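For reference, the structure is listed below as structure tokens.
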Amino acid sequence: MNSSKIRDFLNRISIYLLPAICVMYCATALAQTGAAVPDPTKERLDEVASSFTEDNAFMGAVLVAKGADILLDKGYGKAVVEWNIPNSPDAKFRIGSMTKQFTAALVLLEQEEGKLSVDDPIRKYLPDAPAAWDKITIGDLLHHTSGLPNFIFDKRFFEWRMVARTPVEEMDLFKDKPLNFAPGTQWEYSNSNYMLLGMILEKVTGRRYVDLLQEHILAPLGMKDSGLDDDDLILPERAEGYQPDSKGIVPVRSQSMSVGWSTGAMYSTTRDLLRWERGLFGAKVLSASSLKQMTTATMGNYGCGVFVSSKDDMEVVEHGGSIEGFNSYMIDVPSRDIVVIALSNVSGDAPDKMAAKLLDVTLGKTVTLAKQRVAVPIAKAALSKFVGDYAISAQLSLNITASDEGLIVLATGQPPLQFSYEGEINGHPQFFTRAMDAQIEFIPNATDHLSTLVLHLSGSAMPGKRQ
Numbered sequence: 001m002n003s004s005k006i007r008d009f010l011n012r013i014s015i016y017l018l019p020a021i022c023v024m025y026c027a028t029a030l031a032q033t034g035a036a037v038p039d040p041t042k043e044r045l046d047e048v049a050s051s052f053t054e055d056n057a058f059m060g061a062v063l064v065a066k067g068a069d070i071l072l073d074k075g076y077g078k079a080v081v082e083w084n085i086p087n088s089p090d091a092k093f094r095i096g097s098m099t100k101q102f103t104a105a106l107v108l109l110e111q112e113e114g115k116l117s118v119d120d121p122i123r124k125y126l127p128d129a130p131a132a133w134d135k136i137t138i139g140d141l142l143h144h145t146s147g148l149p150n151f152i153f154d155k156r157f158f159e160w161r162m163v164a165r166t167p168v169e170e171m172d173l174f175k176d177k178p179l180n181f182a183p184g185t186q187w188e189y190s191n192s193n194y195m196l197l198g199m200i201l202e203k204v205t206g207r208r209y210v211d212l213l214q215e216h217i218l219a220p221l222g223m224k225d226s227g228l229d230d231d232d233l234i235l236p237e238r239a240e241g242y243q244p245d246s247k248g249i250v251p252v253r254s255q256s257m258s259v260g261w262s263t264g265a266m267y268s269t270t271r272d273l274l275r276w277e278r279g280l281f282g283a284k285v286l287s288a289s290s291l292k293q294m295t296t297a298t299m300g301n302y303g304c305g306v307f308v309s310s311k312d313d314m315e316v317v318e319h320g321g322s323i324e325g326f327n328s329y330m331i332d333v334p335s336r337d338i339v340v341i342a343l344s345n346v347s348g349d350a351p352d353k354m355a356a357k358l359l360d361v362t363l364g365k366t367v368t369l370a371k372q373r374v375a376v377p378i379a380k381a382a383l384s385k386f387v388g389d390y391a392i393s394a395q396l397s398l399n400i401t402a403s404d405e406g407l408i409v410l411a412t413g414q415p416p417l418q419f420s421y422e423g424e425i426n427g428h429p430q431f432f433t434r435a436m437d438a439q440i441e442f443i444p445n446a447t448d449h450l451s452t453l454v455l456h457l458s459g460s461a462m463p464g465k466r467q
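Letter 153 of the sequence shown, counting from 1, is numbered 153 in this note's numbering, and no numbers are missing.
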């Protein structure tokens, strides 16, 4: 080989070899200094989660795990704004209706013990229940197919909820109301179902619900930072609850935790909830047949305490929770061993939207960063055509009035919420609230008269008629 060919050969090697040498050298240097090599997936997860924090729209803790790898485990914003205490993975949050999956697991454990069957009529255990409930089974309660009205839509509920109540008092809110449909024929989410499951658990075991939860689930799984909340409980590292306001965020007064009870009164941390998911799908809680029963979708894509659906041919098990000042969401993809948990101490729709995006990032998909909805100016005089009473169902109606900042919407049994104008979308005026994942779309007719609206709530669309 002559000298020119040698030089050409060395030049070609340098083109391909030198960059590789540089990469190897940098990696070795980082390892020797103890510095971690950046993980693009972890960085992207943090970037996506952070995109929800603008103007404190999200404050809380987030955890993403894939197998044994913890990809994200971080707090955002403040646990206690007044004391400038930051959120962390150790902060304890109220998780609202995520409590339901724990209640469902307890019911299935008692079925394994032979103390009840999901096929049993509930009046076997609640003999004082109305005769109209004869055909309602425990399974109907688990699957939200009972037809029982949701007690939170009772007109008395908004004031009633603020003091301690017993399960019997809670049942009085709906026991004399007609069923919304024949048991087993339709699906409709109702907190009443899981409140009754708590009563049945106490009846068949002779034990308090809180003790069953602790002894059968929390203690065995080492969930030391979780429990059933209580109005008088002093809880170290508790996150305080807030809600959006025109001036930012403000503290929110909560209902009595006795009202949420077996349907929504638990508190937990992201790390404890990971222990729960690992235990549930790791055969540490239920038998294989009970787990299958819990995670088999029925009407409404609902199993027992969890929604079950398919995403890209993968089974996805998920549920959210909402209680004053707190929202939560958790997703498990058992076949990929992926868990996404988002707990927030400010009311709003961030956790469920964030969890969906974080799951996509973990699956290697491209996602766009979150953008807050933007309020569009509208004159108060122009709001008059939206004012009125609208019936969504026999139990739920909306009273809508105008304010200087948009619309005030009072749903049956709920506190008033401020809705801001978002503009026309596909020719339909739309309003939104930052307090939760809810939008109201008004449907004009040919003469521009507004007699119909659609309440978009957490992905569902519920039409309403002006009364």
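Backbone N, C-alpha and C define an ideal beta-carbon position, used for all residues, glycine too.
Just so we're clear, the structure is a prediction, and the values are computed from it rather than from any experiment.
Compute the distance between the beta-carbons of residue i and residue j, then report whether it is under 9 Å.
{"i": "residue 49", "j": "residue 342", "result": "yes"}
{"i": "residue 457", "j": "residue 442", "result": "no"}
{"i": "residue 111", "j": "residue 306", "result": "no"}
{"i": "residue 63", "j": "residue 46", "result": "no"}
{"i": "residue 296", "j": "residue 225", "result": "no"}
{"i": "residue 434", "j": "residue 244", "result": "yes"}
{"i": "residue 205", "j": "residue 99", "result": "no"}
{"i": "residue 317", "j": "residue 359", "result": "no"}
{"i": "residue 331", "j": "residue 350", "result": "no"}
{"i": "residue 504", "j": "residue 422", "result": "Because residue 504 is not part of the residues shown, which for the chain are 1 to 467, the question remains open."}
{"i": "residue 251", "j": "residue 81", "result": "yes"}
{"i": "residue 311", "j": "residue 333", "result": "yes"}
{"i": "residue 383", "j": "residue 402", "result": "yes"}
{"i": "residue 300", "j": "residue 189", "result": "yes"}
{"i": "residue 138", "j": "residue 168", "result": "no"}
{"i": "residue 256", "j": "residue 162", "result": "yes"}
Compute the Euclidean distance between the alpha carbons of residue i and residue j, then round it to the nearest angstrom.
{"i": "residue 34", "j": "residue 344", "result": "Residue confidence is low: residue 34 scores 47 on pLDDT, short of 50, so the model does not pin down where it sits. Its coordinate-derived value is still stated next. The alpha-carbon atoms of residue 34 and residue 344 are separated by roughly 33 Å."}
{"i": "residue 463", "j": "residue 455", "result": "6 Å"}
{"i": "residue 192", "j": "residue 151", "result": "6 Å"}
{"i": "residue 365", "j": "residue 135", "result": "46 Å"}
{"i": "residue 267", "j": "residue 96", "result": "8 Å"}
{"i": "residue 114", "j": "residue 202", "result": "15 Å"}
{"i": "residue 353", "j": "residue 396", "result": "25 Å"}
{"i": "residue 273", "j": "residue 223", "result": "8 Å"}
{"i": "residue 186", "j": "residue 393", "result": "14 Å"}
{"i": "residue 258", "j": "residue 231", "result": "8 Å"}
{"i": "residue 131", "j": "residue 176", "result": "10 Å"}
{"i": "residue 437", "j": "residue 129", "result": "35 Å"}
{"i": "residue 294", "j": "residue 218", "result": "18 Å"}
{"i": "residue 278", "j": "residue 308", "result": "17 Å"}
{"i": "residue 298", "j": "residue 184", "result": "10 Å"}
{"i": "residue 154", "j": "residue 390", "result": "16 Å"}
{"i": "residue 77", "j": "residue 83", "result": "12 Å"}
{"i": "residue 404", "j": "residue 165", "result": "37 Å"}
{"i": "residue 214", "j": "residue 109", "result": "13 Å"}
{"i": "residue 304", "j": "residue 53", "result": "32 Å"}
{"i": "residue 42", "j": "residue 133", "result": "51 Å"}
{"i": "residue 449", "j": "residue 385", "result": "8 Å"}
{"i": "residue 199", "j": "residue 427", "result": "48 Å"}
Kindly indicate the opening and closing residues of the beta strand (DSSP E) around residue i.
{"i": "residue 329", "result": "326-333"}
{"i": "residue 452", "result": "450-457"}
{"i": "residue 315", "result": "314-323"}
{"i": "residue 401", "result": "397-403"}
{"i": "residue 419", "result": "417-425"}
{"i": "residue 172", "result": "Unbroken run through residue 172: none, as it is neither H nor E."}
{"i": "residue 125", "result": "Element bounds for residue 125: n/a, residue is neither H nor E."}
{"i": "residue 409", "result": "406-411"}
{"i": "residue 337", "result": "Residue 337 -> no beta strand (DSSP E), and no H or E assigned at all."}
{"i": "residue 460", "result": "460-466"}
Please indicate yes or no: does the CB of residue i lie closer than 8 Å to some heavy atom of the ligand MN?
{"i": "residue 126", "result": "Summarising the ligand content, the structure contains no ligands, and the ligand MN is consequently not present."}
At which residues does the alpha helix (DSSP H) containing residue i begin and terminate?
{"i": "residue 199", "result": "191-205"}
{"i": "residue 162", "result": "Element bounds for residue 162: n/a, residue is neither H nor E."}
{"i": "residue 352", "result": "350-362"}
Would you check if the stretch 118-125 and the stretch 165-172 touch, i.e. whether three or more CB-CB distances between them fall below 8 Å? no
Would the stretch 281-299 and the stretch 80-98 be scored as touching if the rule is three or more Cβ pairs under 8 Å? no
Decide yes or no for the touch test of the stretch 140-156 against the stretch 181-201: beta carbon pairs closer than 8 Å, at least 3 of them. yes
Does the stretch 231-244 come close enough to the stretch 317-326 that 3 or more CB-CB pairs lie under 8 Å? yes
Threshold first: 3 residues or longer. Then list the beta strand (DSSP E) segments lying entirely within the stretch 47-107, N to C. 60-66, 69-76 and 78-80
Which runs of the alpha helix (DSSP H) at least 4 residues long sit entirely within the stretch 206-287? Give them in chain order. 209-213, 257-264 and 270-280
Report the start-end ranges of each alpha helix (DSSP H) in the stretch 132-156 that is 4 residues or longer and not cut off at the edges. 138-143
With three or more C-beta pairs closer than 8 Å as the rule, is the stretch 149-167 touching the stretch 397-413? yes
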